[in-house]
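Here's the structure we're looking at; comments come further down.
There are 6 protein chains.
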Amino acid sequence: MATLGFIEYQDANPDVRAVYDDIMATRKTDRINNFWKAIAHDPATLRRTWESVKQIMGAGALDSLTKEMIYVAVSASNQCGYCIASHTAAARKAGMTDSMFAELMAVVGMANETNRLASGYQVEIDEQFKT
Amino acid sequence: MATLGFIEYQDANPDVRAVYDDIMATRKTDRINNFWKAIAHDPATLRRTWESVKQIMGAGALDSLTKEMIYVAVSASNQCGYCIASHTAAARKAGMTDSMFAELMAVVGMANETNRLASGYQVEIDEQFKT
Amino acid sequence: MATLGFIEYQDANPDVRAVYDDIMATRKTDRINNFWKAIAHDPATLRRTWESVKQIMGAGALDSLTKEMIYVAVSASNQCGYCIASHTAAARKAGMTDSMFAELMAVVGMANETNRLASGYQVEIDEQFKT
Amino acid sequence: MATLGFIEYQDANPDVRAVYDDIMATRKTDRINNFWKAIAHDPATLRRTWESVKQIMGAGALDSLTKEMIYVAVSASNQCGYCIASHTAAARKAGMTDSMFAELMAVVGMANETNRLASGYQVEIDEQFKT
Amino acid sequence: MATLGFIEYQDANPDVRAVYDDIMATRKTDRINNFWKAIAHDPATLRRTWESVKQIMGAGALDSLTKEMIYVAVSASNQCGYCIASHTAAARKAGMTDSMFAELMAVVGMANETNRLASGYQVEIDEQFKT
Amino acid sequence: MATLGFIEYQDANPDVRAVYDDIMATRKTDRINNFWKAIAHDPATLRRTWESVKQIMGAGALDSLTKEMIYVAVSASNQCGYCIASHTAAARKAGMTDSMFAELMAVVGMANETNRLASGYQVEIDEQFKT
Numbered sequence: 001m002a003t004l005g006f007i008e009y010q011d012a013n014p015d016v017r018a019v020y021d022d023i024m025a026t027r028k029t030d031r032i033n034n035f036w037k038a039i040a041h042d043p044a045t046l047r048r049t050w051e052s053v054k055q056i057m058g059a060g061a062l063d064s065l066t067k068e069m070i071y072v073a074v075s076a077s078n079q080c081g082y083c084i085a086s087h088t089a090a091a092r093k094a095g096m097t098d099s100m101f102a103e104l105m106a107v108v109g110m111a112n113e114t115n116r117l118a119s120g121y122q123v124e125i126d127e128q129f130k131t
Numbered sequence: 132m133a134t135l136g137f138i139e140y141q142d143a144n145p146d147v148r149a150v151y152d153d154i155m156a157t158r159k160t161d162r163i164n165n166f167w168k169a170i171a172h173d174p175a176t177l178r179r180t181w182e183s184v185k186q187i188m189g190a191g192a193l194d195s196l197t198k199e200m201i202y203v204a205v206s207a208s209n210q211c212g213y214c215i216a217s218h219t220a221a222a223r224k225a226g227m228t229d230s231m232f233a234e235l236m237a238v239v240g241m242a243n244e245t246n247r248l249a250s251g252y253q254v255e256i257d258e259q260f261k262t
Numbered sequence: 263m264a265t266l267g268f269i270e271y272q273d274a275n276p277d278v279r280a281v282y283d284d285i286m287a288t289r290k291t292d293r294i295n296n297f298w299k300a301i302a303h304d305p306a307t308l309r310r311t312w313e314s315v316k317q318i319m320g321a322g323a324l325d326s327l328t329k330e331m332i333y334v335a336v337s338a339s340n341q342c343g344y345c346i347a348s349h350t351a352a353a354r355k356a357g358m359t360d361s362m363f364a365e366l367m368a369v370v371g372m373a374n375e376t377n378r379l380a381s382g383y384q385v386e387i388d389e390q391f392k393t
Numbered sequence: 394m395a396t397l398g399f400i401e402y403q404d405a406n407p408d409v410r411a412v413y414d415d416i417m418a419t420r421k422t423d424r425i426n427n428f429w430k431a432i433a434h435d436p437a438t439l440r441r442t443w444e445s446v447k448q449i450m451g452a453g454a455l456d457s458l459t460k461e462m463i464y465v466a467v468s469a470s471n472q473c474g475y476c477i478a479s480h481t482a483a484a485r486k487a488g489m490t491d492s493m494f495a496e497l498m499a500v501v502g503m504a505n506e507t508n509r510l511a512s513g514y515q516v517e518i519d520e521q522f523k524t
Numbered sequence: 525m526a527t528l529g530f531i532e533y534q535d536a537n538p539d540v541r542a543v544y545d546d547i548m549a550t551r552k553t554d555r556i557n558n559f560w561k562a563i564a565h566d567p568a569t570l571r572r573t574w575e576s577v578k579q580i581m582g583a584g585a586l587d588s589l590t591k592e593m594i595y596v597a598v599s600a601s602n603q604c605g606y607c608i609a610s611h612t613a614a615a616r617k618a619g620m621t622d623s624m625f626a627e628l629m630a631v632v633g634m635a636n637e638t639n640r641l642a643s644g645y646q647v648e649i650d651e652q653f654k655t
Numbered sequence: 656m657a658t659l660g661f662i663e664y665q666d667a668n669p670d671v672r673a674v675y676d677d678i679m680a681t682r683k684t685d686r687i688n689n690f691w692k693a694i695a696h697d698p699a700t701l702r703r704t705w706e707s708v709k710q711i712m713g714a715g716a717l718d719s720l721t722k723e724m725i726y727v728a729v730s731a732s733n734q735c736g737y738c739i740a741s742h743t744a745a746a747r748k749a750g751m752t753d754s755m756f757a758e759l760m761a762v763v764g765m766a767n768e769t770n771r772l773a774s775g776y777q778v779e780i781d782e783q784f785k786t
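First to last, the sequence lines map onto chains A, B, C, D, E and F.
The letter at position 75 of the first sequence is residue 75 when you use my numbering, and the numbering goes up by one with no holes.
Start counting at 1 in the second sequence, then tack on 131, and there's your number in my numbering.
Start counting at 1 in the third sequence, then tack on 262, and there's your number in my numbering.
Start counting at 1 in the fourth sequence, then tack on 393, and there's your number in my numbering.
Start counting at 1 in the fifth sequence, then tack on 524, and there's your number in my numbering.
Start counting at 1 in the sixth sequence, then tack on 655, and there's your number in my numbering.
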């Protein structure tokens, strides 16, 4: 059902295979998610997206688990079914427990609520937040 | 400009003051954000919202800093100007450095991008994510 | 700051004035909102939008106050500052009290929260809702 | 497919059963929606969410039918499939006819349209709405 | 599963059939999309929506292909599964190639990313954009 | 008011200046938008974002004007004030006339409307769109 279908590893040209190999090596896995196989129809999109994700999601000032949970938070806020499924799996692989998941979702729910209360009540930004 | 205006501490009835006092005690601050002063016009909304926030944002399986950063991530995804301002301040107070902020925003940006690539390419969910 | 500026009544051509007159007659007012003055640069957009709004917002199975409150609910969910301001005013003119406003916003907040809990927890639709 | 699965009534601990019983008594039904069974994995989330919904959705300045229709409006705006399904059913149970539903959706569609026209044309808020 | 079901051509009253005939004549097709069959339960909604779409999507300063691609861009940003599917098909029929599709989605992804970076970093609008 | 302030050209380190120079050369301008100056506090974000934008926005199967208009369409749908302002200016620079702008916004408005009608009416995807 993917718009352009999937590019499977065995059918991929060298450019695409190079990215697939890097994904599997970086993530220590032997499979490629449907997401990558779908966007691989445009090798430039595949490479740029993967290089960005690799740079952004590596451990830094924030660890990988925190980054994966932020990814779940955004995906849930945006109602992206594919992303919620794939990133919940990724977060679990990075160490997210059921308790962490429940707390994460509680914050996501609350933030989506107060975001609209703030807008709906037309609350002006406090001066001290404007620095 | 707030739709119902603000309820200042000195003008608040006992129910509202009780919530204001709890906010200040819990957050170790001597001021009340505009957000609370705006929704205080409906004491039930004020109490319910504060009790929920207090329960959700306390340290648990996730620490408070992580929770505040998730709040910023959702607020940025939803384009809520008030919430971005207030929760960025709260996250800083909880220990978020400039490096953490930059990495947080990088994940938020990337997630908002791949959420739409996944939808736009109509990528079906991998079987192994459906467990 | 509007992208194409405003078309004021005195500067409007006959097509635009006809729409302005109909707006004022229908809404029993002697002024034109900035919104109409902005989109009036494209008379087709002005006419189509006004005719649709007039048809949709008139009392029917739902009364006008209920319709205006739904408009506020959607505008708050979408974080549209202009629309929240203008439709809150319209709802008040149609009879919305402060209590109604507070209850409306409480529902909006709660719905925005549970929408994300349902997605984030990947809840499948109950069979009995699928009829 | 729910992330943490469902907690069925017969498998629920006393805290969760207490909430399930209250839901059924309040809504005069003998079943529990998938939504509650999914979030019940975190009893604090279940209790807090149900208590909030119960408080917010009861008849007040706005009647229950109006509140359920607002819930549908927000859920449609946010594209939440589960919520559209469950709350459309709830609204019907509260008395929503097909005519009401059609008018509700017409307002939702129109509001989502004009929200973007207002933003896209960068319309500044009328002074008289700023009080 | 559509809320009110579908109105098939053979079961349609004259008002609805007139719109169905116009859709098929305008789009040079012999079938009616599920979308029209669903909203046809409210003939006023069907007529108003079709008349608007016909007026808006016809070639003008922008050609039809460009308009269909904009429609895909918005639908992907909003995560509307039905709309992504139907408008991708329409765009292809209007001449969208796989390369155009890939470039379209790349822009959609990037725009959704930088929209949140701009908000999250609370970037004030440059003076020269305010004219 | 930007969260981390702006990095002005004269205060920029060599890495940041290199990106600023490339932006000005590519866009044939002598100024740097506030957006770039804000994210420049994280040189990795600045470089990655600019390199992606440069790759994506260059003329290809779609010309630059079409790409800028898609960017405006997404930004309006997401209610991003900064992005609407800056990309409307960019689209004008690329050749967008007032007529094109009006038609663009008409499509954006209509798409945001029908996206919600499709969801709200729970319209199932036509079989022929699933190939």
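Ideal Cβ positions, reconstructed from N, Cα and C, are used throughout, including at glycine.
Please say whether Leu455 (chain D) and Leu243 (chain C) have beta carbons closer to each other than 9 Å?
As displayed, chain C neither begins before 263 nor continues past 393, which places residue 243 (chain C) out of reach and without an answer.
How big is the Cα-Cα spacing for Ala728 (chain F) and Cys738 (chain F)?
10 Å
Can you name the residues of chain D whose CB is closer than 8 Å to the CB of Asn767 (chain F)?
Asn505, Glu506, Asn508, Arg509
Verify the CB distance criterion: does Gln341 (chain C) have a CB-CB separation below 9 Å to chain B?
For Gln341 (chain C), at least one C-beta of chain B is nearer than 9 Å to its own C-beta.
What do you reckon, are the CB atoms on Ala76 (chain A) and Val53 (chain A) nearer than 9 Å?
no
Run through DSSP, which three-state label would Ala242 (chain B) get?
helix
For the segment 210–232 of chain B, which residues have a CB atom closer than 7 Å to at least one CB atom of chain E, in sequence order?
Of all residues in the segment 210–232 of chain B, Gln210, Ile215, Ala216 have a Cβ within less than 7 Å of some Cβ in chain E.
Taking C-beta pairs closer than 7 Å, name the residues in chain A that Ala630 (chain E) reaches, listed in chain order.
Thr45
Count the CB pairs spanning the segment 502–517 of chain D and the segment 766–776 of chain F that are closer than 8 Å, and state whether there are at least three.
yes
Are the CB atoms of Gln128 (chain A) and Ala133 (chain B) nearer to each other than 9 Å?
no
Specify the secondary structure class of Tyr9 (chain A) as computed by DSSP and reduced to three states.
Reduced to three states, the DSSP call for Tyr9 (chain A) is helix.
Compute the Euclidean distance between the alpha carbons of Ile7 (chain A) and Tyr71 (chain A), then round it to the nearest angstrom.
In this model, Ile7 (chain A) and Tyr71 (chain A) are separated by some 25 Å (Cα to Cα).
Which residues in the same chain as Ile678 (chain F) place their Cβ atom closer than 7 Å to its Cβ, once the five residues preceding and following it in sequence are excluded?
Ile687, Trp691, Trp705
Using a Cβ cut-off of 9 Å (strictly closer), state whether Gly660 (chain F) contacts chain C.
With its beta carbon at least 9 Å from every one in chain C, Gly660 (chain F) lies outside the interface.
If we ignore side chains and look at the alpha-carbon of each, how far apart do Ala431 (chain D) and Gly398 (chain D) end up?
6 Å
For Gly605 (chain E), collect the residues of the same chain with a Cβ closer than 7 Å to its Cβ; drop the 5 residues on either side in sequence, then sort them by chain order.
none
Residue nearest to Thr550 (chain E) in terms of C-alpha spacing, selected from E:Gln603, E:Ser588, E:Asp539
E:Ser588
Starting from the C-beta of Ile649 (chain E), find all residues in its chain whose C-beta is less than 6 Å away, skip the five residues before and the five after it, and write them out in chain order.
none
Can you tell me which of E:Gln534, E:Met593, E:Val540, E:Gly644 puts its alpha carbon nearest to the alpha carbon of Gly251 (chain B)?
Here the closest residue by C-alpha is E:Met593.
Please name the residue in D:Ala437, D:Leu439, D:Ala487, D:Thr438 whose C-alpha comes closest to that of Ala452 (chain D).
D:Ala487
Can you tell me whether Gln272 (chain C) is buried or exposed? The criterion is at least 16 other CB atoms within 10 Å of its CB, across all chains shown.
exposed
Taking just the CA atoms, how far does Ala495 (chain D) sit from Ala609 (chain E)?
Pairing Ala609 (chain E) with Ala495 (chain D), the inter-Cα distance amounts to about 24 Å.
For a test of the three-state rule: what should DSSP assign to Met331 (chain C), helix, strand or coil?
helix
At the level of alpha carbons, what is the spacing between Ala222 (chain B) and Thr160 (chain B)?
15 Å
Between Pro436 (chain D) and the rest of its own chain, which residues show a CB-CB distance below 7 Å, the 5 nearest in sequence each way excluded?
Asp408, Val409
Distance cutoff 9 Å, beta carbons only. Does Tyr333 (chain C) sit that close to anything in chain A?
no
Cys607 (chain E) in three-state terms, based on DSSP
helix
Could you tell me if Thr176 (chain B) is buried or exposed, where buried requires 16 or more neighbouring beta carbons within 10 angstroms of its beta carbon?
Flag for Thr176 (chain B) reads buried.
What do you reckon, are the CB atoms on His434 (chain D) and Asp98 (chain A) nearer than 9 Å?
yes
Cβ pair Arg112 (chain B), Ile449 (chain D) closer than 9 Å:
Residue numbering for chain B in the displayed model covers 132 to 262; residue 112 (chain B) lies beyond these limits and cannot be assessed.
N-terminal and C-terminal residue of the alpha helix (DSSP H) that Lys709 (chain F) is part of:
Run containing Lys709 (chain F): 698–712, per the alpha helix (DSSP H) assignment.
Short of 7 Å in beta carbon distance, which residues of its chain neighbour Val543 (chain E), apart from the five on each side in sequence? Order them along the chain.
Leu570, Arg571, Trp574
Backbone secondary structure at Arg555 (chain E) - three-state DSSP:
Of the three classes helix, strand and coil, the one that applies to Arg555 (chain E) here is coil, per DSSP.
Under the rule that 16 or more other beta-carbon atoms within 10 Å means buried, what is Asn689 (chain F), buried or exposed?
buried
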